[in-house]
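So that you can map any letter, position 158 of the sequence shown is 166 in our numbering, and since no number is skipped, the others follow by simple counting.
In this text, a Cβ means the ideal position worked out from N, Cα and C, and glycines have one as well.
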Amino acid sequence: MTTMRTVDSVPVSEVASRADVLRRLELRIRRKIDGISSGDNASQRIGPGSERANARQYAPGDDARLIDWNLTARSSETYVRQTEAEHELETWIVADRSASLDFGTTTCEKRDVVLGAAAATGMLQLSGGNRIGVVMTGGSTLEHRPARQGRTAFTAALASIFDTPRHQQQPAHGADLSAGLSWVAAAARRHGRIVVISDFLDSANWAADVRRLAQRHDVLCVHVIDPREFELPNVGILGVIDPESGQQRYVDTSSRKLREQFQATAAERSRSVEQSIRSGGATYLQLSTDRDWLGDMVTFVAGQRSPATRARSAQPSQLSGQVSR
Numbered sequence: 009m010t011t012m013r014t015v016d017s018v019p020v021s022e023v024a025s026r027a028d029v030l031r032r033l034e035l036r037i038r039r040k041i042d043g044i045s046s047g048d049n050a051s052q053r054i055g056p057g058s059e060r061a062n063a064r065q066y067a068p069g070d071d072a073r074l075i076d077w078n079l080t081a082r083s084s085e086t087y088v089r090q091t092e093a094e095h096e097l098e099t100w101i102v103a104d105r106s107a108s109l110d111f112g113t114t115t116c117e118k119r120d121v122v123l124g125a126a127a128a129t130g131m132l133q134l135s136g137g138n139r140i141g142v143v144m145t146g147g148s149t150l151e152h153r154p155a156r157q158g159r160t161a162f163t164a165a166l167a168s169i170f171d172t173p174r175h176q177q178q179p180a181h182g183a184d185l186s187a188g189l190s191w192v193a194a195a196a197r198r199h200g201r202i203v204v205i206s207d208f209l210d211s212a213n214w215a216a217d218v219r220r221l222a223q224r225h226d227v228l229c230v231h232v233i234d235p236r237e238f239e240l241p242n243v244g245i246l247g248v249i250d251p252e253s254g255q256q257r258y259v260d261t262s263s264r265k266l267r268e269q270f271q272a273t274a275a276e277r278s279r280s281v282e283q284s285i286r287s288g289g290a291t292y293l294q295l296s297t298d299r300d301w302l303g304d305m306v307t308f309v310a311g312q313r314s315p316a317t318r319a320r321s322a323q324p325s326q327l328s329g330q331v332s333r
């Protein structure tokens with residue numbers, strides 16, 4: 009007896025819309041990348057490669073082709089070049105898709121920034137045999153795509169992020185941001201790069217997970233914000249709803265004291281997120297929906313690929329994505 013299995017079909021209009029969005033997003037990123045000089049991944053190992061790392065005195069058995077004749081001529085000893093080992097890089101992108109990301113008051117929503125930041129990160133790492141994996145948190149289950157090489161595999165992972173439905177409740181147990189970071193910690197066995205993209209409004213103890221990841225990997229935390237999260241408009245009685253808990257409350261925004269208190273609390277929360285990330289040993293970048301967040305992300309990630317600009321890019325003064333308040 010043959011068992012028939014029904015496969016749910018996806019409307020053609022939705023597939024076309026997704027393909028169009030991802031194609032336009034890729035074109036925008038390519039335009040941003042154009043003109044930005046790119047280099048090989050920073051290496052912490054000495055070995056066969058093309059980038060000079062150091063020099064040492066010649067020892068019996070060394071390859072004569074590696075002799076640094078310029079340095080040898082300036083000294084009384086014979087020196088050989090040491091180069092950085094070239095190797096592929098494994099990058100894991102943790103994309104938060106919880107209900108709090110379905111919010112935006114300018115040109116886009118925070119969920120759009122998450123998708124764009126993930127796309128920029130991956131497209132700048134596709135060459136050289138690098139592998140990219142994606143983990144999606146914030147829904148009813150923890151979703152993940154294995155780390156694979158190539159544009160096709162990464163585009164499929166981006167499509168999965170795009171297809172993530174909107175949520176009307178808190179993340180399910182085992183699907184929150186902390187669970188996603190714990191999953192990556194177990195999956196990423198070799199030293200690599202972890203990119204966490206979230207608004208970090210998750211109540212779980214994600215800071216401890218970031219700290220543990222930063223002990224073995226290069227961790228970049230992208231803090232996605234919207235300017236309205238830092239300032240209440242003066243519009244009288246306003247009804248506000250927590251998208252994850254469903255709780256609704258009415259506030260009198262005509263109260264100057266209330267608006268100032270809200271602004272101070274929001275600013276302190278943002279500072280606390282940044283401090284938790286930096287103190288955990290990770291790099292911090294803030295992207296806002298009212299800025300050129302895609303340009304900020306591409307410039308930052310491209311700078312991180314260059315060893316000479318890596319430390320400089322991590323300084324707060326270099327982060328053009330800071331919201332002005």
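Residues near residue i in its chain [Cβ-Cβ closer than 8 Å; skip 5 each side]
i: residue 28; result: none
i: residue 164; result: 153
i: residue 118; result: 108, 109, 110, 111, 112, 207, 232, 233, 234 and 297
Bridge partners - residue i, DSSP secondary structure assignment
i: residue 141; result: 100
i: residue 63; result: 89
i: residue 293; result: 230
i: residue 75; result: 88
i: residue 206; result: 231
As assigned by DSSP and simplified to three states, the class of residue i
i: residue 172; result: coil
i: residue 150; result: coil
i: residue 306; result: helix
i: residue 196; result: coil
i: residue 201; result: strand
i: residue 236; result: helix
i: residue 256; result: strand
i: residue 122; result: helix
i: residue 221; result: helix
i: residue 29; result: helix
Cutoff 7 Å; reference residue i; Cβ partners in own chain excluding five residues on either side
i: residue 191; result: 143, 150 and 152
i: residue 82; result: none
i: residue 292; result: 229, 231, 282, 285 and 286
Distance, residue j Cα to residue i Cα
i: residue 69; j: residue 96; result: 28 Å
i: residue 335; j: residue 263; result: Given a span of 9 to 333 for the chain in the structure shown, any question on residue 335 remains unanswerable.
i: residue 98; j: residue 200; result: 5 Å
i: residue 126; j: residue 103; result: 7 Å
i: residue 271; j: residue 238; result: 5 Å
i: residue 280; j: residue 209; result: 11 Å
i: residue 158; j: residue 255; result: 44 Å
i: residue 176; j: residue 42; result: 39 Å
i: residue 133; j: residue 84; result: 43 Å
i: residue 36; j: residue 130; result: 14 Å
i: residue 221; j: residue 193; result: 6 Å
i: residue 26; j: residue 169; result: 11 Å
i: residue 227; j: residue 196; result: 12 Å
Cut-off 6 Å between Cβ atoms - residues of its own chain near residue i, not counting five sequence neighbours on either side
i: residue 114; result: 297 and 298
i: residue 259; result: 246
i: residue 346; result: This structure does not reach residue 346, given that the chain is present from 9 up to 333, and the question cannot be answered.
i: residue 100; result: 141, 192, 196 and 202
is_contact[residue i, chain D] using C-beta, thresh 9 Å
i: residue 103; result: Any reference to chain D falls outside this structure, which holds one protein chain only.
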